[in-house]
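Q:
Protein chains: 2
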Amino acid sequence: MTEGPWLDEEQQRLWRSWLAVSSGLPTLLNRELQQKTGLSLPDFDVLVQLSEAQDSRMRVTTLAQALGWEKSRTSHHLTRMARRGLIQRAECADDGRGAFVELTQDGRQAIESAAPDHARHVRDLFFTDLTVDEFDVMQRALSKLQGRVRPPAA
Amino acid sequence: MTEGPWLDEEQQRLWRSWLAVSSGLPTLLNRELQQKTGLSLPDFDVLVQLSEAQDSRMRVTTLAQALGWEKSRTSHHLTRMARRGLIQRAECADDGRGAFVELTQDGRQAIESAAPDHARHVRDLFFTDLTVDEFDVMQRALSKLQGRVRPPAA
DNA sequence: CCAACATAGTTGATGTGTCACCTATTCCGG
DNA sequence: CCGGAATAGGTGACACATCAACTATGTTGG
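Protein chains in written order, with UniProt numbering: chain A, 1 to 154; chain B, 1 to 154.
1. Would you kindly work out how many angstroms separate the C-alpha atoms of residue 147 of chain B and residue 117 of chain A, rounded to a whole number?
2. Which of the three DSSP states is assigned to residue 150 of chain B in this structure?
3. Quick one, which of A/110, A/126 and A/88 has its alpha-carbon nearest residue 39 of chain A's?
4. Please return the same chain residues whose Cβ sits closer than 6 angstroms to the Cβ of residue 64 of chain B, not counting the five positions on each side in sequence.
5. From residue 68 of chain B to residue 22 of chain A, what distance separates their C-alpha atoms?
6. Cβ of residue 142 of chain A less than 8 angstroms from any chain B Cβ?
7. With 16 other CB atoms within 10 Å as the buried threshold, where does residue 77 of chain A fall?
8. Can you tell which of B/29, B/119 and B/100 has its C-alpha closest to the C-alpha of residue 90 of chain B?
9. Taking 7 angstroms as the cut-off, is the C-beta of residue 53 of chain B nearer than that to any heavy atom in the ligand ADP?
10. Please confirm whether residue 149 of chain B and residue 137 of chain A have their CB atoms less than 8 angstroms apart.
11. Straight-line CA distance for residue 10 of chain B to residue 19 of chain B?
12. Grab the span of the beta strand (DSSP E) containing residue 155 of chain A for me, first residue to last.
13. Looking at the structure shown, is residue 10 of chain B part of a helix, part of a strand, or coil, going by DSSP?
14. For residue 32 of chain A, name the three-state secondary structure that DSSP assigns.
15. In chain order, what residues of the same chain lie with their CB nearer than 8 angstroms to the CB of residue 7 of chain B, ignoring the 5 residues before and after it?
16. Can you list the residues of chain A that residue 47 of chain B reaches, using a CB-CB cut of under 9 angstroms?
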């Protein structure tokens, strides 16, 4: 399955399917989410993390790790979200360098009203077609891939 | 597998794995490609299409469809690539509105020297871990998903 | 022939992501 | 304690992506 420098026909086919789905799916989800709620997919991801966190607040680095984002990206995105009133930054008493990000009322309201529709949409697009068998195999395969892809330190 | 508005635990797990891989993988590939060749992943995709095309030239819309990109995105990206000398635009005799995009010498050189390493990297990251069984199931599942995701007209 | 409409492609504004670099604090060995 | 290394986070520049609007050419029905 892995000899020579090239992708064989079968591999190419799978790879192109992967590319098509992994770029097309977020595009669709993002468009729908944006239209219905004014949130982008990244907005949504941030809000999910915060809403699951203790006291609806997290340290920036913790958030970045949970999302698999770089610090820089995280910081930029938080700035934009703060401008729209979805989150706010707060000082960290323990560590003078650090900062907390917390969900605002608007932020909580936004995620709670957006989540059900989004979940349904994900299910319709992604899960509807999968057989139980495919489901399991995908999970196994993706877990392995996740291991290879993890160390996104920067 | 698809009742209620929410994702159950198993679905959530699979979905998060999917997200992690489908965002982490291109990030890694892009970084490596960029460092070794100065090409971005989108650059690479455009160059692959052109290099496979008759006479190394395509109509803009055809290219956009082949890539699954919007016209606008395509146009913007071609502008950037033209600025760097990787492609060039040419008038279309048949249709005064239209335009061809063609590979330049530099573009051909770039894709030919970048492709083998990139292919190997894709293989190392994506294919190495997959068993034959997983490979087949992924292909089947992704084909179905591709169908749902296809109509990206805009 | 021409008016209405459709199509090919571009543009500008703005949101998103990455890289390189910077500041301010904290940590740690001597 | 103090000086250097590590860490938390932010900034600016620029590439990438999306949306809405626009220009110009082609197509079609009356």
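All residues carry an ideal CB built from backbone N, CA and C; glycine is no exception.
A: Here's the rundown:
1. In the second sequence, the residue the question calls residue 147 of chain B occupies position 147. In the first sequence, the residue the question calls residue 117 of chain A occupies position 117. Distance between the alpha carbons of residue 147 of chain B and residue 117 of chain A is about 21 angstroms.
2. Indexing the second sequence from 1 puts residue 150 of chain B at position 150. Looking at residue 150 of chain B - three-state DSSP - the assignment turns out to be coil, as it is neither helix nor strand.
3. In the first sequence, the residue the question calls residue 39 of chain A occupies position 39. Here the closest residue by C-alpha is A/110.
4. Here residue 64 of chain B refers to the residue found at position 64 of the second sequence. Excluding residues within five positions, the ones whose Cβ falls inside 6 angstroms are 71 and 74.
5. For the purposes of this step, residue 68 of chain B is taken as the residue at position 68 of the second sequence. For the purposes of this step, residue 22 of chain A is taken as the residue at position 22 of the first sequence. Rounded to the nearest angstrom, the two C-alpha atoms are 12 angstroms apart.
6. If you number the first sequence from 1, residue 142 of chain A lands on position 142. Yes - at least one Cβ of chain B is within 8 angstroms of the one on residue 142 of chain A.
7. Here residue 77 of chain A refers to the residue found at position 77 when the first sequence is read from its first residue. Buried is the call here.
8. Start at 1 with the first residue of the second sequence, and residue 90 of chain B comes out as number 90. Of the listed residues, the one whose Cα sits closest to residue 90 of chain B is B/100.
9. Ligands in the displayed structure: none, and consequently the ligand ADP is not present.
10. Reading the second sequence from its first residue, position 149 is the one you call residue 149 of chain B. Reading the first sequence from its first residue, position 137 is the one you call residue 137 of chain A. Contact flag unset, no.
11. On the second sequence, position 10 is the one that residue 10 of chain B refers to. On the second sequence, position 19 is the one that residue 19 of chain B refers to. If I take the Cα positions, the gap works out to 14 angstroms.
12. Residue 155 of chain A cannot be examined here, being either before or after the span of chain A that is shown, 1 to 154.
13. As a working note, residue 10 of chain B is residue 10 in the second sequence. Of the three classes helix, strand and coil, the one that applies to residue 10 of chain B here is helix, per DSSP.
14. One-based indexing of the first sequence puts residue 32 of chain A at position 32. Reduced to three states, the DSSP call for residue 32 of chain A is helix.
15. Position 7 of the second sequence, counting from 1, holds the residue named residue 7 of chain B. Contacts found: 15.
16. Sequence index remark: in the second sequence, residue 47 of chain B carries index 47 (1-based). Those do not exist, as residue 47 of chain B stays about 15 angstroms from chain A at its closest Cβ, beyond 9 angstroms.
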